[in-house]
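Just below is one structure, and these are the notes that go with it.
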Amino acid sequence: MLSHMHTRFSRALIASLTLATCVFLQGCEDQLTLANFNQIKTGQAEYEVENLLGGKGERDDTTGVSISAGGIAGSSTNSQLTYIWKAKSKEVSVTFQGGKVVAKSQRGLE
397 MLSHMHTRFS RALIASLTLA TCVFLQGCED QLTLANFNQI KTGQAEYEVE NLLGGKGERD
457 DTTGVSISAG GIAGSSTNSQ LTYIWKAKSK EVSVTFQGGK VVAKSQRGLE
């Protein structure tokens with residue numbers, strides 16, 4: 397009897413988590429809109445962008461290379477971080493420096 401209750405509880409828990417995940421993912425997709433993208437402004441705080449786009453984006457760890465005046469290549473150390481939000485064919489990329497927006501781009505928003 398106890399084993400049957402445990403199995404029933406496990407199935408209910410899995411079903412609940414699956415539903416919550418679907419709702420969460422749908423919610424993120426609903427927030428990747430051109431209207432929300434247009435509300436992102438230079439100087440805006442990172443948490444404000446996260447509120448607009450439905451949570452924290454995925455960090456883009458692509459590093460850049462800078463070229464000095466003498467023509468010497470080096471790694472970029474301007475402490476900029478780029479985060480990307482994706483849902484189906486929609487994508488928003490926002491670059492932050494010191495926790496504030498310095499650049500943004502989008503693809504697939506209508």
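No gaps in the numbering here: position 57 of the sequence shown is 453 in my numbering, and each next residue is one more.
Backbone N, C-alpha and C define an ideal beta-carbon position, used for all residues, glycine too.
Can you tell me whether residue i is helix, strand or coil according to DSSP?
i: D426; result: helix
i: E442; result: helix
i: L448; result: helix
i: F492; result: strand
i: K486; result: strand
Considering Cα atoms alone, identify which of the options is closest to residue i.
i: T429; options: L449, G439, Q440, K437; result: L449
i: R455; options: G504, G494, K486, I480; result: I480
i: T438; options: D457, Q493, K486; result: Q493
i: G451; options: G504, T458, E506, K482; result: K482
Beta-carbon within less than 6 Å of residue i's beta-carbon, same chain only, minus the 5 sequence neighbours each way: which residues are those?
i: T491; result: Q476, T478, V498, A499
i: Q502; result: F433, V488
Please work out which residues of its chain come closer than 8 Å, Cβ to Cβ, to residue i, disregarding the five sequence neighbours upstream and downstream, and give them in chain order.
i: Q440; result: K496, V497
i: L505; result: L428, T429, L430, F433, K486, V488
Within its chain, find whatever has a CB closer than 7 Å to the CB of residue i; leave out the 5 residues flanking it on each side and keep chain order.
i: E442; result: F492, G495
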